[in-house]
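Residue numbers (the working numbering), protein chains in the order written: chain A, 1 to 285; chain B, 1 to 285. Note that the Cβ used here is the ideal one computed from N, Cα and C, for glycine as well.
2 protein chains.
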Amino acid sequence: MIVTGQPEEFRELLGRARAEGAVVGLHPTMGALHPGHLANIRQAAHDCDLAAVTIFVNPLQFGPGEDFEKYPRTLDQDLAAADEAGAGVVLCPPPEAMFSQVPLTTVAVRGLSGRWEGASRPGHFDGVATIVTKLFALAGECRAYFGEKDFQQLAVVRRLVADLSLPVEVVACPTVREPDGLALSSRNRYLGQDERRAAPGIYWALLAGKRSIEEDGLRDGHEVVRTMVRACEREPLVDLEYAAVVRPDDLEPLDEVVLPARLLIAGRVGRARLIDNVAVGGEGT
Amino acid sequence: MIVTGQPEEFRELLGRARAEGAVVGLHPTMGALHPGHLANIRQAAHDCDLAAVTIFVNPLQFGPGEDFEKYPRTLDQDLAAADEAGAGVVLCPPPEAMFSQVPLTTVAVRGLSGRWEGASRPGHFDGVATIVTKLFALAGECRAYFGEKDFQQLAVVRRLVADLSLPVEVVACPTVREPDGLALSSRNRYLGQDERRAAPGIYWALLAGKRSIEEDGLRDGHEVVRTMVRACEREPLVDLEYAAVVRPDDLEPLDEVVLPARLLIAGRVGRARLIDNVAVGGEGT
């Protein structure tokens, strides 16, 4: 596995591999790799000739007062785990190698970026879209692996790839869960013991919503949302931010449920802000 | 010369040429090609193995009430002229081939885009930055040729290429002028006979400003601007919008002139809105 801190070296390595006929798989991350990331890297290594991983805690996607400074940074373990999972190249640039001057350019996906996570975290998806466009430009033609766990991010990335005609095939990777259903997330390490026990309540609420549609035949979107809200209330440590049933491509909320749909929940558990989602009546997990 | 209306075919043609070792030169245009464009195409064909030209009247960069509908469209002549100038591939897509759905993604270059032309034409440079990013994504690694005539556009493109790490080398092409100094522009055809005679006044005013700095040693930016304003006033048909002396990279106006600098003028002559600029104390024309 080749590790570089230099974006231009990363570009060259991938370009050279492509020139020799390799299909490149890219998994962009902010590090703090957990088994969810590693499953994505394994999938990229399995599908492609070369799995490339980026590890960069992107300052553009953190708002004021968010956890940019405290975001877990575990580079040595990350590199060992990425190697083990089959990564061939890792880019882990220092901030000044990514931005030699303050960037003035922003990539924004209107509409999609403003709702749900975007409403709670203004500017977040502009930061995501901007860094992802830059990482795609560095990586060149590739398959890019993104977890379904960050479902809105996946939708934003798919849309910007289509709108900007980027030479990238976006691949959605299923959410990896703990045995009790909690979606793996780098932010789970913020959870205390009681909070950790309460946190899977988010997933159970999503499943309650899913059952209400798939088994009980509920089609009133607001009723489905109430079902999820009531399920969340059973866990007092889960401080619900939003629950929603949406169209999968643009995350528009559905008054009447049309399938396939997606259920989204965000909430705080202690000092961790957690998000999760499930598919209803369609592909995906 | 290969002509295609399909962006994906354009991508493939250029990718194949690159795979065979060709250096690709790209000149994005909105058509209505004049000898200024043709000089850029000739330069691309001279410097590179394959000169690619795009002809697309980009709706994203026109504001309401601007001349999108009326913008001159002269495809047959454009293709003949591009061929003559050495173009190897031309992409001239119908709007629906560029945008199969309404694009939600915008690329914006903060600061740079808001002043001068951006102040007169809100959203204009976001439209330029977005389409240029898309054309660059389709073209892949290339040298991209942009005229100095649209100096702010050149600065915006340079900045977005740097910020987004696009695999593009931006090449500035000198402004081509009529014998009386008028910068070539597709919008010159809007000029009536008297207006055509008055229009070079913009260039003469730029030269007056340039002389005041280079020959008279003027360093007070406001005095330089007044010199240009007074020169414009000699042509009553020139309705000055702004005259400015700016730093070349970010187009920040200069209270005290530091070299190299750039002089900018925009004004209306009849129904044509014209812009022009000259270099002071540095490279460029």
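Spanning the alpha carbons of residue 139(B) and residue 57(A) requires a straight line of approximately 30 Å. Taking 7 Å as the CB threshold, residue 109(A) lines the interface with chain B. In the three-state reduction of the DSSP assignment, residue 28(B) falls in the strand class, which pools E and B. Annotation: residue 190(B) is outside any beta strand (DSSP E) and is labelled neither H nor E by DSSP.
Fully contained in the stretch 131 to 165 of chain B are the following beta strand (DSSP E) runs of length 3 or more, in chain order: 142 to 147.
Nearest to residue 203(B) by alpha-carbon distance, out of 218(B), 219(B), 193(B), 182(B), is 182(B). The residues 35, 36, 39, 184, in chain order, have a CB closer than 7 Å to that of residue 176(B) in the same chain once the five nearest residues on each side in sequence are set aside. By alpha-carbon distance to residue 201(A), the top candidate from 274(A), 220(A), 262(A) is 274(A).
Contact with chain A is absent for residue 154(B), since none of that chain's Cβ atoms lies less than 7 Å from the residue's Cβ. Taking residue 254(B) as the centre and dropping the five residues before and after it, the same chain places the C-beta of 221, 245, 246, 247, 261 closer than 8 Å to its C-beta, in chain order. Residues of chain B whose Cβ lies closer than 7 Å to the Cβ of residue 7(A) are, in chain order, 165.
Under the 7 Å criterion on CB atoms, residue 44(B) is classed as non-interfacial with respect to chain A.
Of all residues in the stretch 66 to 88 of chain A, none is placed with a Cβ closer than 9 Å to any Cβ belonging to chain B.
Looking at the backbone, the Cα of residue 229(A) and that of residue 264(A) are separated by about 11 Å.
Straight-line spacing of the CA atoms in residue 94(B) and residue 111(A) works out to 26 Å.
Note on residue 19(B): under 16 other CB atoms within 10 angstroms of its CB, so exposed under the neighbour-count rule. Residues of the stretch 95 to 127 of chain B whose Cβ lies closer than 7 Å to any Cβ of chain A, in chain order: 103, 104, 105, 106, 107, 108, 109, 110, 111, 112. For residue 211(A), the enclosing alpha helix (DSSP H) stretches over residues 201 to 214.
DSSP places residue 259(B) outside any beta strand (DSSP E), giving it a letter other than H or E.
A distance below 7 Å between beta-carbons, with the five flanking residues on each side excluded, links residue 41(A) to the following residues of its chain, in chain order: 27, 51, 53, 82, 85, 86, 87. Distance from the Cα of residue 258(A) is smallest, within the candidate group 240(A), 132(A), 219(A), for 219(A).
For residue 247(A), there is no enclosing alpha helix (DSSP H), as DSSP marks it with neither H nor E. With fewer than 16 other Cβ atoms from the protein chains shown falling within 10 Å of its own Cβ, residue 2(B) counts as exposed. Here residue 112(A) carries a coil assignment [DSSP, helix/strand/coil].
By a beta-carbon distance limit of 8 Å, residue 142(B) contacts residue 24(B). Their separation comes to about 4 Å.
By the rule that beta-carbons nearer than 7 Å mark a contact, residue 139(B) does not touch chain A. The beta carbon of residue 29(B) sits no closer than 7 Å to any beta carbon of chain A. Residues of the same chain with a CB within less than 7 Å of the CB of residue 271(B), apart from the 5 flanking positions on each side, are 190 in chain order. Distances from the CA of residue 117(A) to each of 75(A), 151(A), 161(A) were compared; the closest alpha carbon is that of 151(A).
Secondary structure within the stretch 10 to 55 of chain A: the alpha helix (DSSP H) runs of 4 or more consecutive residues, fully enclosed, are 35 to 47 (chain order). The beta carbon of residue 235(A) sits closer than 6 Å to those of 198, 201, all from its chain and outside the five residues before and after it, given in chain order. Around the beta-carbon of residue 100(B), fewer than 16 other beta-carbon atoms lie within 10 Å, marking it exposed. At a cut-off of 7 Å, the C-beta of residue 13(A) has no neighbouring C-beta in chain B. Of the candidates 194(B), 134(B), 106(B), 119(B), the residue whose Cα lies closest to the Cα of residue 91(B) is 134(B). In this structure residue 167(A) touches residue 137(B) by the C-beta definition: roughly 6 Å separates them, less than 8 Å. For residue 239(A), the three-state secondary structure derived from DSSP is strand.
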